Every structure is written in C-alpha cells, then in structure tokens.
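Trainee: In the working numbering, the protein residues as written are 13 to 469.
Even for Gly, the Cβ is constructed at its ideal location relative to N, Cα and C.
What you are looking at is a predicted structure, and each value in this text was computed from that prediction instead of being measured.
Next up is a structure, given as structure tokens.
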C-alpha cells in the first residue's frame, strides 16, 4: 500500500505533550511586547501612516518585499506594538494583488522560530563576530588583488539589482552559482490564464509552487464562473493545488507526460480520453494553453502552443537576464581545487545535491542563513542570517516589477545580511540601507514614496 494511503501511526517522535510544549513556546514568543528591539528601524516607512510613538493596540502597516523562488513578492506587513503579526499580499503589487498563500503566512513562523541560528561558529565551536571580522580582514588584500578570482558564491536565484551590482563591482571575477531544486527554463513563460478557455498542465503546479502563483491564481479565478468557465486538464505524479482544482486529472510520471506531449504533437492520441482532449485543443485554437513543468521538455510544450496558435495570445516569452550555473559546475570546481572561498547564503546546496558536494575541498567556506541546515554542518564558518523581514534590499518580481524590501522589526537574534557578508569580504564598509539607497540614487526625493508604497518600477 502506498504510504499516503496508510493510517497514521504515532512513532513517538512527536507526542501530544511535546506538541503542546512547542506550541506554548510559540505563543510565548508571539506574546512578547513592549521591548525596544521590537520597534521597526527608524528609516522604515509605514504603508498607511507616518511613524509615531508605539501605542498599545494601534496597528502599523509596512510595505515590503519577500523572496519566493528567487523572485520578489510585494506584501503588506501588519505590526502591533512593533512586532509583525500578519502578512498579506500588497493590493497594488502585480505579483500578489492582495492575495496570500501558505508560504507568506509561514514566514512569520520562521521569524519567531526558537530554533533560528543565533551564534557564530568556527569549525563547529562557538566564535564571535569580531573573530570572523579579523579573519576576513586578514585575507581581504588577497581577495582584492585577485578581484574575486577563486571566490564562488552560492545562493538561490535571487533577482536583486543592488546585490547583482555589488558582486559585479567588488568581485568581478567571482563565480555566482544561483541554484534551486528544480531550475527554471532559460526562457520565462508568461501565462494569460484569463484568456484561456482550456488549460492543459503537465507537472506544473501553477497554483501552488510557481514563482508567480498568486498572480496566476487571481487570473485563473476570473474564469471560474458558470457563465464563462474555463476547463483545466491536469497530469501530474503527485497531488498538488492544481490537481485539486482541475476538472480532469490523471496521474502520470514525467516520462509518461513527455510521451503524451509527443503524441499530441504527432496527432496520434491513445484512447478515447486523449482523443477527446486533442479534439478540444483543436476547437479552442488561440484560446487554449499548454503548460509544462520541469519534468518535460519545454521545447515540446512551445511547439504545441505554436501548433494550436497560442503564442502571443495565452502565452508570451521573455529571456532571463542572469547567467545560469549549476551545482554540477560547483562540484567540478571543488574537485579540481579551484574554490578558494565558498560563500553560501539563503540556501542549502548540500541538501539540493543529495549531500554529495565535497565542501571540505574548499580552502575557506562561510555559510550565512537564519536557520540550521546540512550545509551549515559542513562549513568552516557559520554566521546567523537576518530574516527577510529584518533586512533591507530590493527584488524583481516575475513580471519585472522592482520593489524595495525594508525591515519591519529590529533583528531578534542579530546576524548579517548578504550585503554585510560580501561587504566584509571585500572591505566595502557601508550599511545595507546606505548601499541600497546609493544604488537607487535616481529616485532622489521619490525614495520615501517608493519605500512607503513598496514599488519602484
């Protein structure tokens, strides 16, 4: 019997007593109030009204941007007495349009997580920030002399204009590996679900795990009405939000999904169901849409959309403006001894690689993250990272909209941001806020407005 069909068995790892203890700890953290550290930084600007003295019971709303699969999501954070208590989509931001999902709500649990990384460690032993700074200062001249050659940076596929500029200007010869579990296609697909009468998705959870899922869910819901309802046919190997919402669903492995696409391309359907779907696609030419996930060939999906006259109508394309590298290239560099500095932040490459990366072959390794993971256990230095709700920055959304990220609370356990880590590595002694402002100097007097609304362009 598949594990999903088996009755739940209590293995003893999480009993009722332990569950209640953990929940009571979480509630105690949420109940903390009145401390100066919970007040947002003075440079942060509310979305609704200007900063004022914290008054019991009064609420402030801050516009900021949170990362999701490397892209920015515009959000509005509700704060009570200086602490974030609710996160919702920004009503004016095209990536969310006021919507929310489990990932947005879970970011507050990460913020108040008692198991967050809190101390600097070196070779598994507790160290201090001053020791790390002294270590970096000692090696800084060599890094500057070689202009970052031998430095390998590993991060999620972040679309941050200011962070990209910082790396290009201070470490021009460094290699930046932007990695994720399921890498995107080099071509970005922009779907117009509100224009589609028939949607066929193969291995793509566009309602749950797509970088633009909140916007796609909003567009999809526009056609879910009795007068002009669209149809969705879903083929996937596991249950997802999209398979639950589908009118027709069939479980297929990625190999079977690719074979189905090829049969449709060759006009050779198998069985009554495939014949019916192919007939519907032909009837809905220009008003249908075929979507493929990472397990199928994107070129085959493109050919089918072209065959059914969907290009420019229900789907458009754009190219990624960032270089792509893989963990395979990082593994080769490690094996050849070409990695003098390995800087990882906001990701867990050891987990993504199946714990096969030989991190011990790097001369020096520093890992920055706000939670413990597999990579932290194999790095020379481990530095607590700031949570996205605690730091400055900027991010592009899936459609190209650029938004500012501002902290809505003072750091709960301290830590560094990627700007601080890279600045300490290269000697760029400038605060995160000052660096982000220096990148967006063209805003001028509009900086406060962009920060308050959360949207640059």
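In three-state DSSP terms, what is residue 339?
Mentor: In the structure shown, residue 339 sits in a helix (DSSP, three-state: H, G or I).
Trainee: My assumption, with CB atoms under 8 angstroms, is that residue 266 sits in contact with residue 215. Please give the rounded CB distance.
Mentor: 6 angstroms
Trainee: Can residue 449 be considered in contact with the ligand PLP, in the sense that its beta carbon sits closer than 8 angstroms to one or more heavy atoms?
Mentor: You won't find the ligand PLP in this model; it holds no ligand whatsoever.
Trainee: For residue 316, which option in 451, 349, 257, 211 has the closest C-alpha, if you only look at C-alpha atoms?
Mentor: 211
Trainee: In whole angstroms, what is the alpha-carbon distance linking residue 61 and residue 73?
Mentor: Model confidence at residue 61 stands at a pLDDT of 49, short of 50, so the residue's coordinates are unreliable; what they give is reported in the following sentence. Spanning the two alpha carbons is a distance of roughly 8 angstroms.
Trainee: From residue 319 to residue 397, what distance separates their C-alpha atoms?
Mentor: Rounded to the nearest angstrom, the two C-alpha atoms are 48 angstroms apart.
Trainee: Just how far apart, CA to CA, sit residue 47 and residue 404?
Mentor: Note that residue 47 scores 46 on pLDDT, short of 50, meaning its location in the model is unreliable and no value can be drawn from it.
Trainee: For residue 452, tell me which candidate among 172, 151, 144, 35 has the shortest Cα-Cα distance.
Mentor: 172
Trainee: First and last residue of the alpha helix (DSSP H) that includes residue 179?
Mentor: Here the alpha helix (DSSP H) through residue 179 covers 173 to 182.
Trainee: How would you label residue 399, buried or exposed, when you count the other beta carbons within 10 angstroms and need 16 or more for buried?
Mentor: buried
Trainee: To the nearest angstrom, how far is it from the Cα of residue 258 to the Cα of residue 177?
Mentor: When rounded, the distance between both Cα atoms is 42 angstroms.
Trainee: The alpha helix (DSSP H) spanning residue 432 covers which residue range?
Mentor: 430 to 438
Trainee: Is DSSP giving residue 362 helix, strand or coil here?
Mentor: helix
Trainee: Please report the distance separating the alpha-carbon of residue 106 from that of residue 467.
Mentor: 10 angstroms
Trainee: Shortest alpha-carbon distance to residue 262 belongs to which of 205, 256, 247?
Mentor: 247
Trainee: Can you find a C-beta in chain D that's less than 9 angstroms from the C-beta of residue 447?
Mentor: This model lacks chain D altogether; it includes just one protein chain.
Trainee: Nearest-angstrom Cα distance between residue 464 and residue 86?
Mentor: 12 angstroms
Trainee: Run the CB neighbour count on residue 360, radius 10 Å, all protein chains shown included, and call it buried at 16 or more, exposed below.
Mentor: With 16 or more Cβ atoms within 10 Å of its Cβ, residue 360 is classed as buried.
Trainee: Assuming residue 80 is part of the beta strand (DSSP E), what are its boundary residues?
Mentor: For residue 80, the enclosing beta strand (DSSP E) starts and ends at 71 to 80.
Trainee: Quick check on this structure: which residue in 203, 193, 233 has the alpha carbon closest to the alpha carbon of residue 111?
Mentor: When each option's Cα is compared against that of residue 111, the closest is 233.
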